[in-house]
Structure formats: structure tokens, C-alpha cells
Amino acid sequence: MVENRRIRHGIIRVLTALLTAAGCTSPQDGEVSVQFGSMIYPDYTDVTVPVNIAPLNFRYTDAGMEKVTTVFTSGELSVTFHGRDVQWNMRKWRKLTQAAAGSYITVKSSPSDTTWRIYVSREPIDYGLAYRLIEPGYEVYSSMGIYERELSTFRERPVIENTDFDGCVNCHSFNRCDPSDLSLHIRGPHGATLLRRGGRMDVFDTGTDSTLGFCVYPYWHPSGRYIAYSTNTTRQSFHVRRDKLVEVFDNASDLQVYDVERNTLITAPQVKTDTLWETFPAFSPDGNTIYFCRARARSIPLEVEQIRYDLCSVSFDPVTGTIGNDVETVIDASSMGKSISFPRVSFDGRFLMYTLIDYGQFSIWHHEADLWLLDLSSGENRPLDEVNSPDTESYHNFSSGSRWFVFSSRRDDGLFTRPYIAHIDENGIVGKAFMLPQKDPWNFYSGRFLSFNVPEFITSPISLDRKTASGMINAPERKKFGFRWSE
Amino acid sequence: MKNSEKIAACSFTLLFGLAAFLFFAFQYPYHIHWQEQYQLFEYTSDYLLDVVSVPGGVADYVGRFLTQFFYYARAGAAINALLLCAIALSVWSLTGRKRLGWFVACHIPAVLMWVFMCDENALTGAPVALLTALLFASCFSGTESSIHGKILLPVVSVLLYFICGPVAVVFPLLALCREDTRIAVGAVILFTLTPWVCGYLFGYPPGRFYTGIHYHRFHNVVHLMLWLSVLSATLIPLLTRLLTSFRTRNRSGAWSGYLLAAVFAAVIPFAVKNASDFVKEEQMKYDFMVQHRMWNRLMMTADAKPPRTPLTVTCLNLALAMSGRMADHQFEYFQNGPDGLLPEFVRDFTSPLPTSEVYYHLGMVNTAQRFTFEAQESIPDFQKSARCYKRLAETNYINGDTQVCEKYLRALRHTLFYRRWAERFPQGVEYGSMAERRLKEHDFLFSQGEMDSMLGLLYVENRENAPAFDYLLSWCLLSKRLDRFWECLRLRNYEVLPKSYQEALILSLALREGLPDTSPAYISSSVYVRLKNFLQAYDSGRDMAWMQKNFGDTYWFYYYFRYNGGK
Numbered sequence: 342m343v344e345n346r347r348i349r350h351g352i353i354r355v356l357t358a359l360l361t362a363a364g365c366t367s368p369q370d371g372e373v374s375v376q377f378g379s380m381i382y383p384d385y386t387d388v389t390v391p392v393n394i395a396p397l398n399f400r401y402t403d404a405g406m407e408k409v410t411t412v413f414t415s416g417e418l419s420v421t422f423h424g425r426d427v428q429w430n431m432r433k434w435r436k437l438t439q440a441a442a443g444s445y446i447t448v449k450s451s452p453s454d455t456t457w458r459i460y461v462s463r464e465p466i467d468y469g470l471a472y473r474l475i476e477p478g479y480e481v482y483s484s485m486g487i488y489e490r491e492l493s494t495f496r497e498r499p500v501i502e503n504t505d506f507d508g509c510v511n512c513h514s515f516n517r518c519d520p521s522d523l524s525l526h527i528r529g530p531h532g533a534t535l536l537r538r539g540g541r542m543d544v545f546d547t548g549t550d551s552t553l554g555f556c557v558y559p560y561w562h563p564s565g566r567y568i569a570y571s572t573n574t575t576r577q578s579f580h581v582r583r584d585k586l587v588e589v590f591d592n593a594s595d596l597q598v599y600d601v602e603r604n605t606l607i608t609a610p611q612v613k614t615d616t617l618w619e620t621f622p623a624f625s626p627d628g629n630t631i632y633f634c635r636a637r638a639r640s641i642p643l644e645v646e647q648i649r650y651d652l653c654s655v656s657f658d659p660v661t662g663t664i665g666n667d668v669e670t671v672i673d674a675s676s677m678g679k680s681i682s683f684p685r686v687s688f689d690g691r692f693l694m695y696t697l698i699d700y701g702q703f704s705i706w707h708h709e710a711d712l713w714l715l716d717l718s719s720g721e722n723r724p725l726d727e728v729n730s731p732d733t734e735s736y737h738n739f740s741s742g743s744r745w746f747v748f749s750s751r752r753d754d755g756l757f758t759r760p761y762i763a764h765i766d767e768n769g770i771v772g773k774a775f776m777l778p779q780k781d782p783w784n785f786y787s788g789r790f791l792s793f794n795v796p797e798f799i800t801s802p803i804s805l806d807r808k809t810a811s812g813m814i815n816a817p818e819r820k821k822f823g824f825r826w827s828e
Numbered sequence: 024m025k026n027s028e029k030i031a032a033c034s035f036t037l038l039f040g041l042a043a044f045l046f047f048a049f050q051y052p053y054h055i056h057w058q059e060q061y062q063l064f065e066y067t068s069d070y071l072l073d074v075v076s077v078p079g080g081v082a083d084y085v086g087r088f089l090t091q092f093f094y095y096a097r098a099g100a101a102i103n104a105l106l107l108c109a110i111a112l113s114v115w116s117l118t119g120r121k122r123l124g125w126f127v128a129c130h131i132p133a134v135l136m137w138v139f140m141c142d143e144n145a146l147t148g149a150p151v152a153l154l155t156a157l158l159f160a161s162c163f164s165g166t167e168s169s170i171h172g173k174i175l176l177p178v179v180s181v182l183l184y185f186i187c188g189p190v191a192v193v194f195p196l197l198a199l200c201r202e203d204t205r206i207a208v209g210a211v212i213l214f215t216l217t218p219w220v221c222g223y224l225f226g227y228p229p230g231r232f233y234t235g236i237h238y239h240r241f242h243n244v245v246h247l248m249l250w251l252s253v254l255s256a257t258l259i260p261l262l263t264r265l266l267t268s269f270r271t272r273n274r275s276g277a278w279s280g281y282l283l284a285a286v287f288a289a290v291i292p293f294a295v296k297n298a299s300d301f302v303k304e305e306q307m308k309y310d311f312m313v314q315h316r317m318w319n320r321l322m323m324t325a326d327a328k329p330p331r332t333p334l335t336v337t338c339l340n341l342a343l344a345m346s347g348r349m350a351d352h353q354f355e356y357f358q359n360g361p362d363g364l365l366p367e368f369v370r371d372f373t374s375p376l377p378t379s380e381v382y383y384h385l386g387m388v389n390t391a392q393r394f395t396f397e398a399q400e401s402i403p404d405f406q407k408s409a410r411c412y413k414r415l416a417e418t419n420y421i422n423g424d425t426q427v428c429e430k431y432l433r434a435l436r437h438t439l440f441y442r443r444w445a446e447r448f449p450q451g452v453e454y455g456s457m458a459e460r461r462l463k464e465h466d467f468l469f470s471q472g473e474m475d476s477m478l479g480l481l482y483v484e485n486r487e488n489a490p491a492f493d494y495l496l497s498w499c500l501l502s503k504r505l506d507r508f509w510e511c512l513r514l515r516n517y518e519v520l521p522k523s524y525q526e527a528l529i530l531s532l533a534l535r536e537g538l539p540d541t542s543p544a545y546i547s548s549s550v551y552v553r554l555k556n557f558l559q560a561y562d563s564g565r566d567m568a569w570m571q572k573n574f575g576d577t578y579w580f581y582y583y584f585r586y587n588g589g590k
């Protein structure tokens with residue numbers, strides 16, 4: 342059985358390689374040397390971008406490139422820049438990308454006469470990204486908040502910041518990229534979970550007597566009626582070795598599903614065990630399966646490096662709110678000496694993307710963390726070498742149309758997390774990722790001491806009534822969750 | 024005012040300014056340095072926009088600009104003194120009364136502001152904001168009857184709110200005593216409504232727009248002295264105008280002025296001393312000396328006045344270790360247990376910094392980085408710290424994270440006083456030896472309870488790391504774990520054991536097997552005899568004061584009379 346699967350995967354890989362070589366996909370056509378890519382910041386050589394993306398401004402970083410000339414050509418349209426900074430006029434950029442949609446823009450950098458391409462996909466990207474901006478620190482946080490960024494422009498707006506209240510915001514989650522369904526977690530003296538559904542906003546104390554504590558990692562059911570949560574008792578410790586700083590781990594964790602309509606938290610013994618830790622739930626697009634990560638409980642902190650999470654799944658009946666009895670192991674990562682975090686299923690149901698690390702679950706502090714892709718129709722499971730780097734690739738999610746995915750990476754300097762976006766077609770062929778464009782990316786990224794945490798696509802502005810939300814957070818009143826066991 | 028009164032008035036302000044300068048320069052210099060290290064003033068447009076984009080931001084920006092000069096304590100003292108004098112003279116310019124008594128009274132807001140500035144978390148933006156509002160009011164006086172003045176009054180009131188924050192309330196209030204009170208009342212109402220509107224425009228709770236965002240490092244602190252200063256700066260000019268009908272003779276006015284000046288001379292030292300915290304000043308001094316590696320000066324300070332607070336003891340212990348005097352002299356000073364050696368992490372922005380210095384010098388680079396980072400993140404008004412940026416550049420460089428290091432250096436290059444350091448980095452600093460000190464072969468998760476294991480590994484991996492070994496043995500001694508001390512002492516060979524170690528060894532021997540009849544070879548006879556006397560005195564029930572007087576410099580005294588956590 343296993344052998345058959347391997348052969349099948351092998352055939353798929355060969356076919357994929359043949360398709361790529363035959364030019365059926367664009368990204369490999371005009372590859373330039375890696376060295377040249379490292380001379381411009383951000384490296385936009387041979388990337389695939391959506392037709393409605395903001396201009397790809399960049400800078401030649403190598404000394405002696407002050408007098409470089411850059412010519413962008415698509416069909417008969419041509420735009421020329423002189424100097425090390427390429428900063429687009431929005432109108433010209435739009436014209437060029439519209440002309441190149443479904444094809445590519447040829448870029449010629451002289452005097453080195455290096456030619457490279459920007460592939461322009463006809464498939465548009467969602468309205469924007471939502472992320473948390475915070476200094477990549479240890480336990481204490483300074484100024485931080487949740488922000489949204491319009492992807493077709495450079496506009497960034499705060500959604501909520503901790504100047505509004507004393508605390509920290511995290512774990513923002515939307516239903517299939519639609520921000521009208523919103524879950525937001527607040528830690529600190531005003532700890533709460535803020536939920537918005539159907540225009541109604543409530544603030545909850547999500548801890549119950551029957552669960553471990555507060556709900557932490559959320560994932561919306563496609564119907565909007567349920568939210569899968571894990572409850573984690575998270576701790577962190579600090580390495581003394583040079584190449585490692587922080588180790589975040591759970592002492593315990595369980596899974597539950599919150600019924601929004603009945604204000605009830607539902608769990609089942611098979612996902613709430615003392616000997617196993619369950620975390621990072623994610624619903625399948627049809628809403629009938631919950632994917633999650635599960636590890637054997639270990640002695641903490643002595644056995645931190647032995648904690649390994651497998652990818653598991655359990656069925657879910659959205660009509661009755663029942664969690665299935667049988668937990669299936671989808672990927673047995675622990676037997677490979679690896680650990681899985683952040684399973685995310687594309688909204689067309691075809692792919693499951695996850696992060697693979699050596700141990701543990703908090704992949705952002707693991708330099709070896711890479712993205713992997715499981716093809717749910719063929720069973721092929723492979724590393725996403727097209728987008729992985731020698732440094733950390735961690736949190737990720739798909740766009741509402743499933744043709745784009747965003748992920749966080751520390752490849753830039755090893756510490757500050759940046760969002761990258763990549764194209765994935767219906768066959769699982771992935772283009773080169775591009776860093777979130779900025780008006781003046783060199784100064785923006787070098788001057789910003791903040792990490793982009795948990796980047797999520799949004800289909801429209803979040804439009805959170807900030808004053809009302811912060812007023813509710815600052816008020817002492819919290820609604821309580823009810824609780825029931827799954828039948 | 025007559026000439027004699029004018030001379031007296033000038034002399035009074037000069038003396039007032041001189042007193043303020045002398046106080047900040049010589050009594051409170053480390054508060055000045057302390058203020059400077061909790062900000063990072065960058066000469067960039069992004070920084071400017073970031074600061075001025077909230078109400079009161081312009082005054083805050085000017086305050087931060089001035090605070091960067093606090094790098095030199097005397098420059099900071101001069102700036103503070105000038106600000107206080109300028110506030111006094113601005114109030115005077117608004118009175119319209121030419122009496123010495125009123126002139127002296129105009130210094131009341133400045134005195135109250137001085138008291139406010141004795142708080143280490145009072146920000147320079149506050150006096151700048153008040154001064155700016157007073158200067159505007161001064162420029163505006165006389166234009167109130169003109170049509171331009173009437174139109175501009177409400178507009179400038181709102182504008183001043185955005186420049187100075189709520190302290191600018193003095194501007195519309197002072198307009199109340201002018202001819203057209205309807206416009207002034209309108210300006211006051213408009214000014215009062217502005218913070219309410221700001222509550223919808225900016226990301227702060229509405230209440231903060233009424234109390235000010237950047238007057239004090241802690242947002243939720245509404246400092247009484249600041250607002251009394253604002254109130255008096257409003258009331259004094261108002262009173263002078265209201266009392267214009269009560270004319271007094273020149274002579275009595277002059278004498279009342281001299282009398283008031285005398286009262287001021289008596290009250291100011293009392294008020295300022297009462298508001299000052301010299302315990303904190305001492306702690307800041309120790310922290311400053313550690314930061315600048317003034318080990319000898321630190322020990323001279325400790326000799327003059329032995330440190331007693333946990334933070335100063337931590338600094339002293341580091342100085343002892345770095346100058347190689349810990350093993351012989353540590354117990355000559357007050358010790359408060361292992362926490363005085365390596366304090367536990369506290370979530371604030373002050374105490375982790377000296378502790379991070381200790382870890383840095385021991386070679387625990389990651390821990391030093393963590394403590395520095397956390398201290399910076401804990402700064403209540405969300406500013407960054409030049410001192411922390413420097414240390415983070417260093418720790419990242421030692422760790423080989425050169426790109427992150429470069430990020431910090433790039434920010435420091437945008438400052439006035441740290442640019443040169445950042446440009447020369449890493450020249451002239453011992454980063455090679457620091458990199459050697461850190462652990463290379465072993466890894467573990469930091470644990471305060473296993474400090475002896477961590478310090479031991481540091482020494483085992485690098486035998487040149489003498490401070491780590493001193494700290495290891497000191498940790499055992501301060502924890503009163505003499506068995507562990509025995510084990511650790513064997514890691515290193517000594518020709519002659521340091522005094523504290525001899526004292527600990529012979530005590531350990533005496534506790535286990537009783538005091539030997541003769542002194543062992545590795546214990547000097549004087550130490551042996553002294554312990555014999557100590558034990559006799561202890562057994563005879565001598566009180567602690569007597570024991571401290573005769574044996575206060577020994578480990579035995581610490582063992583029997585200090586720190587009960589280990590027993």
C-alpha cells in the first residue's frame with residue numbers, strides 16, 4: 342500500500358517535471374542567476390505576481406550600480422528607470438501589468454545586460470492582508486497591533502492597537518478570508534476573545550471549568566457557525582546557544598469547537614487527552630473534517646526536543662456539531678523525526694500546506710522550518726522548494742480563490758518576519774515568491790523593527806469599529822462560553 | 024519697576040536658574056543620563072512623523088530633541104534650568120504688572136515644574152509644551168481687540184492643542200480676561216471639545232487626550248505638580264489683571280517682592296529636596312558606572328558609602344569580578360544573597376539593564392540580549408533606547424547575526440551622539456574575546472535555579488573566563504551551598520586561596536568535622552585564628568552589631584547573619 346503510494350508520487354513528480362520543462366508553466370522560463378537576484382532588494386527576479394498587485398519597487402543594493410538603467414517591456418509598452426532605485430508611478434505600473442496579464446514583463450538591467458522577467462498572472466489576488474506587527478521579542482511587548490494592508494496599493498491601516506488598551510492582540514482569524522467573521526484574541530489585564538459575526542460584536546471569556554483555559558488558535562468553519570479552537574498552556578524558555586534564541590512549547594493542549602449560534606464549546610475525549618497534545622485545528626473547505634496536529638505528551642522542559650507533532654484529522658458533523666470518534670493520522674511526521682505545525686487546506690480542497698520542523702510546534706523560532714504541500718487528491722507530499730529558503734518559513738494561508746498563498750519568512754535577516762506571496766496553480770505548480778511590495782522597500786524594511794505575524798488574506802477592509810471594540814475590551818464584562826461534550 | 028528692583032528681579036531669575044542648573048548638574052546628574060538612555064532620537068522623517076502625529080507631538084518632539092543632549096549631564100542641567108527660567112519669564116510677560124512681588128510670584132509655575140522634573144519619568148516634552156503655550160499667549164496678548172485676533176484665537180487654541188497637548192489650555196484660559204470674553208469662552212469650549220474629537224481620530228482611550236500622552240513616561244499617571252504648574256501659570260497672569268484696580272505704593276510693592284523672594288529662597292530647597300529621590304540617584308549612578316565600565320570608580324564609591332540596595336549590590340559584584348577582586352573582597356561589602364549576584368528577570372525597564380550587563384560580561388550573550396530587549400520593550404511610553412540598541416547590536420554581532428546587528432547600527436547612525444560609535448563599529452571593542460566567552464559546545468534552556476550549572480559550563484568551555492568562575496563560586500557561597508562550593512573549587516588550581524574561599528573552606532570543615540586543632544595547609548593561620556574567635560563569640564551569644572563590627576568583612580558573618588533563603 343505504502344509502496345504503491347510512493348510509486349504514484351514518483352510518477353506525479355516526473356510528470357510535473359516534464360510539464361515544467363515543456364514550458365507549460367512560466368516561472369522557470371527566464372531564470373537569472375541567484376547572484377543577480379541578491380543584488381536587488383527585494384529580489385523580484387522571475388517572480389509571479391497577480392495583475393492587481395501594487396508596484397514592485399526595488400533598489401539595486403550593490404555598490405557601483407548607481408548608474409544602472411532598467412527597462413521594463415511588455416509588448417510595445419516600455420518604461421525606463423535610471424538609477425539604483427526603481428519607484429513606479431502607479432498609473433504606469435497598472436498599464437504595464439494589464440498589458441502583461443497572462444504573460445510576463447521583460448526587465449533589462451544595464452550595463453550588465455541582465456534580463457529577467459516578472460510573470461503576471463491573470464488571477465487577481467484578494468483585497469489585502471491582515472497581520473500583526475510586533476517586535477520579535479521574548480515575553481514583553483511594546484507598541485503593537487493588528488494592521489491591514491491593501492495589496493493593490495501601499496496603504497496600511499491599523500485595525501486595533503494596544504495603545505487602545507493595556508494588553509496584546511494576536512490570533513486574528515477570518516472565515517475564508519472574509520473579515521466580516523472575525524475572531525481576535527487579547528492577552529494581558531484585559532484578556533478576552535473578541536468575536537464578530539453578522540455585524541454583531543461580543544467579548545468573551547473563553548475559559549470554562551471543563552477546558553484547559555482560554556481558547557487560543559482559531560479556525561472558522563466555512564458555514565460561519567463554528568470555530569475550531571485549541572486550548573494551549575504555552576510556556577517559553579531561552580536557549581544559550583548562538584543560533585537559537587527562544588523555545589516556545591506547550592505543557593498541555595486540547596481541541597474544541599465553538600458553536601457560535603448556541604454559545605457552546607464542544608469537545609470530545611478523543612481530542613482532549615492528557616497523554617496527547619492537540620493543537621492548530623483547521624476545517625476542511627466542506628466543513629466535514631478537522632485537521633490538527635497531535636503529539637505525545639512529554640516531560641517539559643527536559644524532553645522539549647523530543648516533542649513531535651503528527652498531522653491528524655477527525656470528522657465533524659456540522660448539522661449536529663458532533664466530533665467523530667476516529668482520529669486518523671494523515672502524516673506520521675514523528676516517525677520521520679520531524680514535527681508539523683499550521684495545517685491549512687486550500688479553499689478549493691485540493692492542497693494542504695503545513696510547516697515542517699525538527700521538533701515542537703512554534704516554528705517561527707526554528708531556522709530549519711520549511712513549508713510542505715500535501716496534494717489531497719493524489720496524496721503527494723513534498724517540500725515547497727520553490728519558496729523555501731535556508732531560514733525560517735512558518736505561518737501561511739491561502740487566498741480566497743486558492744491560487745495564491747502568503748507565508749511568513751525570516752530569510753531576510755534571520756529575525757524579522759516578512760510576508761511573502763506565491764502563486765500556486767490548480768496542479769500544485771508554485772511560482773517564485775515575492776516579498777510584500779512597499780513604496781520604498783529598502784528603507785521600509787530596514788527601518789522597521791517589527792515582524793509581520795500571522796499574515797492572512799482578506800477579501801475586503803476589516804472595518805472594525807475601533808472605539809467600540811476597545812471600549813468593550815477595556816470594560817470588565819465578559820460573556821462566558823457554555824460547554825458540552827460531543828455526542 | 025525702579026532700577027534697583029530691576030536689578031533684583033534679574034538677579035532673582037539668574038539665581039533661580041543657577042540653582043536649578045547646580046541641582047541637576049551636581050545633585051541629580053544621573054537622573055539626567057537616565058532620561059537620555061530611554062529614548063532614541065533619530066534624525067529621520069519617519070521618526071518625526073511618528074512623534075508629531077499625535078496631539079502634543081510637536082512639543083514631545085522638541086522635548087526629545089532636547090533630551091538627546093542629556094548625554095552630557097551638564098548640558099541637560101543647563102537645558103532644564105533654561106526651560107524653567109523661560110517659563111517664569113513667559114508668565115511675567117503675561118502679567119502686565121511691573122512689581123517685584125509679582126515678578127517673583129511668576130516663578131511659582133517654574134518651581135512647580137522643577138518639582139515635577141525631579142520625577143525620573145517626567146518627560147521634557149511637558150515643560151516644552153507649557154513654555155510653548157505661554158509664548159503663544161504672550162505673542163497673542165495685545166491682538167485680542169483686532170479682528171485677526173478674534174478670528175485666530177479659537178483656531179490657534181485648537182492648533183496649540185495639537186502642538187502641545189492639553190497643557191495648552193493656558194492659552195484660551197488666559198484669553199478670558201481680555202476684552203471680548205465671548206470669543207475667549209468659545210475658544211475654551213472648542214479647546215475642551217478637541218480631545219473628545221481626538222478620541223475618535225487617534226488610537227488612544229479618550230481620557231488620555233485630556234491628561235496628555237507624552238508628559239510622563241507612564242500614560243496613566245496624571246502628575247499633580249505638572250497640573251499645578253499649569254494652573255498657576257494661568258492664575259498668576261489672570262490675578263494680576265483682575266487686581267489692576269488695587270493699586271499699591273511702589274515702596275510696599277518692592278518690599279513685598281523682597282519678602283517673597285526670601286520665602287522662595289527658603290521654600291525651593293525644601294520642595295525640591297522633598298521631591299527628589301536620592302536612593303534612585305545612587306542606583307542610577309551605579310548603573311551608569313557599570314554601563315561605562317568604571318570598575319575602580321564604582322568600588323571607590325562603594326568604599327565611601329557601602330551599597331545596600333539589590334541593584335547597587337549587583338553592580339558592585341560585577342565591578343569586583345571584572346577587576347579580579349571578588350574572591351578576596353566580596354564579603355567586605357553588604358551582600359543580599361544570590362539575587363544580588365544575578366537578579367531574576369523583572370518585567371520593567373530599569374532593573375534588567377544592569378543585570379544584562381552582568382550576563383554580557385560573563386559570556387551569556389543570549390541572556391544579556393534577552394534582558395536588554397525586554398527592558399526596552401518595557402519602556403512604558405513605547406520609546407526605544409539608544410543604550411539598548413547599542414547592546415543589541417553588540418550581542419547580535421557576537422552571535423554572528425550581522426544583518427540584525429546592521430539594522431540596529433543603521434538606526435544609531437541617524438542619531439547625534441551614537442553615530443560615530445555605530446560608524447566605527449566593531450572597531451576598538453573586544454568582541455572577539457566576548458565571542459570566546461560564550462558557550463559553543465553546550466546548549467541548555469536558561470534556568471535561574473540552575474545558575475551554578477550554567478556558570479560552570481561557561482568556565483569549563485573557556486578557562487580564561489575568570490569572571491564566570493568567580494561568579495560560580497560566589498553563587499555557591501551566597502546560596503550557602505558549601506558542598507557545591509567544594510566541588511566547584513576543584514575546577515581550578517590555586518597557589519594561594521583567596522580570602523573568602525579560605526573562610527568558606529574552613530567553615531565548611533568546621534561544620535562537618537568540627538574545627539581542626541591546627542590550621543590546614545591551605546588556610547592561613549590568621550584566617551584560622553579569626554574563625555576560632557568568631558565561633559567563640561557566636562557561641563557566647565554576642566549580638567549581631569558586635570559581630571558585624573568585628574567580623575562584618577568575613578564570609579562567616581554572611582553565613583550566620585545574612586540571607587535566610589538558603590537555610
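Chains R and U, in that order, are what the protein sequence lines are. Residues in the first sequence are numbered from 342 upward in steps of one, following my numbering. Residues in the second sequence are numbered from 24 upward in steps of one, following my numbering. By construction, the Cβ of each residue, glycine as well, lies at the ideal position given by its N, Cα and C atoms. It should be emphasised that the depicted structure is a prediction, and the values quoted were computed from it without experimental measurement.
Using beta-carbon distances, R:Leu617 does not count as an interface residue toward chain U, since no partner is under 7 Å. For R:Met542, the enclosing beta strand (DSSP E) covers residues 541-546. Rounded to the nearest angstrom, the gap between the Cα atoms of U:Pro490 and U:Ile421 is 18 Å.
Going by DSSP, U:Lys430 is part of the alpha helix (DSSP H) stretching over 425-435. Following the DSSP letters along the chain, one finds R:Ser514 inside the beta strand (DSSP E) bounded by residues 509-516. Going by DSSP, R:Gln597 is part of the beta strand (DSSP E) stretching over 587-600. Our two residues, R:Gly469 and U:Asn488, have alpha carbons roughly 53 Å apart in a direct line.
Burial of R:Asp505 is indicated by the presence of at least 16 other C-beta atoms within 10 angstroms of its C-beta. Contact annotation for R:Gly788 against chain U: Thr67, Asp69, Arg433, Ala434 [CB-CB distance below 8 Å, chain order]. Within the segment 372-395 of chain U, those residues whose Cβ lies closer than 8 Å to any Cβ of chain R are, in chain order, Met387, Val388, Asn389, Thr390, Gln392, Arg393. Chain R places a beta carbon closer than 7 Å to that of U:Arg370, counting this residue as a contact.
Beta-bridge annotation (DSSP): R:Arg538 is paired with R:Arg541.
At a cut-off of 7 Å between beta carbons, U:Asp466 contacts chain R. The beta carbon of U:Asp424 falls within 7 Å of a beta carbon belonging to chain R, placing the residue at that interface.
Residue state for R:Tyr761 is assigned as strand, using DSSP reduced to three classes. For U:Ala152, the secondary structure class from DSSP, reduced to helix, strand or coil, is helix.
Taking R:Phe824 as the centre and dropping the five residues before and after it, the same chain places the C-beta of Thr549, Ser551, Leu606 closer than 6 Å to its C-beta, in chain order.
Contact check for U:Leu501 against U:Glu484 fails: the beta carbons are separated by 7 Å or more. Separation of U:Leu520 and U:Leu528 (C-alpha to C-alpha, rounded to the nearest whole angstrom) is 10 Å.
Distance from the CA atom of R:Thr410 to the CA atom of R:Gly424, rounded to whole angstroms, is 6 Å. Taking a C-beta distance under 7 Å as the contact criterion, R:Val500 and R:Ile527 do not qualify as a contact pair. No Cβ-Cβ contact shorter than 7 Å links R:Ser654 with R:Phe739. Bridge partners of U:Gly455 according to DSSP: none are assigned. A straight line joining the alpha-carbon of R:Phe621 with that of U:Ser76 spans about 39 Å. Setting aside the 5 residues that flank it on each side, U:Ile546 is surrounded in the same chain by Gln525, Leu528, Ile529, each with a C-beta closer than 7 Å to its C-beta; the list follows chain order. With the criterion set as a beta carbon lying under 9 Å from some beta carbon of chain U, the members of the segment 754-773 of chain R are Asp754, Gly755, Leu756, Phe757, in sequence order.
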